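Under numbering that gives the first Met the number 0, think of the first position of the sequence shown as 0, with each following residue one higher.
Virtual Cβ for every residue (Gly too), placed ideally from N, Cα, C.
Bear in mind that the values here come from a model prediction, so they are computed numbers and not experimental data.
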Amino acid sequence: MLEIFTPKQYAHSLAEIDLDGLAKLGIKYILLDLDNTILPWRDYEIPQESCEWIKAALGRGMKICIASNTRNPARLCHVSKELDIPCLDKIAKPRRTGLRAAMRVIGGKLEETAIIGDQIFTDVVGGNRLGIHTVLVHPMHPREFAGTKISRLFEKPIIAMLAKRGLIGTKGR
0 MLEIFTPKQY
10 AHSLAEIDLD
20 GLAKLGIKYI
30 LLDLDNTILP
40 WRDYEIPQES
50 CEWIKAALGR
60 GMKICIASNT
70 RNPARLCHVS
80 KELDIPCLDK
90 IAKPRRTGLR
100 AAMRVIGGKL
110 EETAIIGDQI
120 FTDVVGGNRL
130 GIHTVLVHPM
140 HPREFAGTKI
150 SRLFEKPIIA
160 MLAKRGLIGT
170 KGR
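Below, the structure is given as structure tokens:
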């Protein structure tokens with residue numbers, strides 16, 4: 000049962016994810032969460048580290064789509080335009096339908112796609128249910144949507160269990 004909650008990889012931040020490592024796994028397509036993965040929740044200014052990582056991934060020929068559950072599509076479109084990558088809102092992660100739609104936007108194949116996000120119950124579970132590579136990152140900022148704060152209460156013991164088993168690091172968590 001723990002497998003559904005277990006990411007294939009863990010990184011402290013988007014900027015720490017090794018693009019060479021993803022490429023060696025055959026990853027060519029990336030579904031990228033918005034809030035607290037690319038930039039802090041409600042922010043409009045994209046951190047330089049996120050911009051540089053995305054630019055480097057695109058420079059390698061990887062295709063990226065922002066796949067978000069956000070309730071602010073105008074902000075999502077702003078970020079998408081700034082980064083010059085496509086986006087889809089109301090993905091309804093962890094449901095597979097929205098993730099498949101995001102994969103279609105970039106032409107992704109299951110075995111060549113990764114999802115990167117900061118939440119176990121949406122990003123990791125959704126990606127694992129779909130059978131794609133999952134990467135969990137530490138949330139960028141403690142400020143979050145109220146529903147996410149509730150999810151974090153249930154996520155905390157799972158994170159502790161995964162860390163105890165050596166399946167993820169807990170740096171800063």
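Open item on the list: With the cut-off set at 7 Å, would you say K174 and E111 are in Cβ contact?
Closed with: One cannot answer for residue 174 here, as it falls past the ends of the chain, which runs 0 to 172.
Task: With 16 other Cβ atoms within 10 Å as the buried cut-off, status of L184 - done: Absent from the structure is residue 184, since the part of the chain shown begins at 0 and ends at 172.
Task: Secondary structure of A100, DSSP reduced to three states - done: helix
TODO: Verify whether the separation of the beta carbon atoms of D88 and S67 is less than 7 Å.
DONE: yes
- [ ] Tell me whether E51 is buried or exposed, calling it buried when 16 or more other Cβ atoms sit within 10 Å of its Cβ.
- [x] exposed
Task: Assumed close pair I115, D32 - CB separation to whole angstroms, cut-off 8 Å - done: 6 Å
- [ ] Have a look at I167 and L98 and give me their C-alpha separation to the nearest angstrom.
- [x] 24 Å
Task: Residue nearest to G25 in terms of C-alpha spacing, selected from R59, Y9, I37, A55 - done: R59
Open item on the list: Can you tell me whether A145 is buried or exposed? The criterion is at least 16 other CB atoms within 10 Å of its CB, across all chains shown.
Closed with: exposed
Open item on the list: Mapping the DSSP letters down to three states, classify H132 as helix, strand or coil.
Closed with: strand
Open item on the list: Applying the 10 Å Cβ sphere with the 16-neighbour rule, what's the burial state of E143?
Closed with: buried
TODO: Grab me the residues of K62's own chain with a C-beta within less than 6 Å of its C-beta, minus the 5 sequence neighbours each way, in chain order.
DONE: Y28, I105
Open item on the list: To the nearest angstrom, how far is the alpha carbon of K54 from that of D117?
Closed with: 20 Å
Task: For L13 and I45, believed in contact at Cβ under 8 Å, the rounded distance - done: That pair is no contact at about 11 Å.
TODO: Under 6 Å Cβ to Cβ from S150, same chain only, skipping five residues before and after it: list those, please.
DONE: F120
- [ ] Rounded to whole angstroms, what's the CA-CA distance from R41 to P93? Just pull it up for me.
- [x] 21 Å
Task: Alpha-carbon spacing of K163 relative to A22, whole angstroms - done: 29 Å
Task: Alpha-carbon spacing of V134 relative to G125, whole angstroms - done: 11 Å
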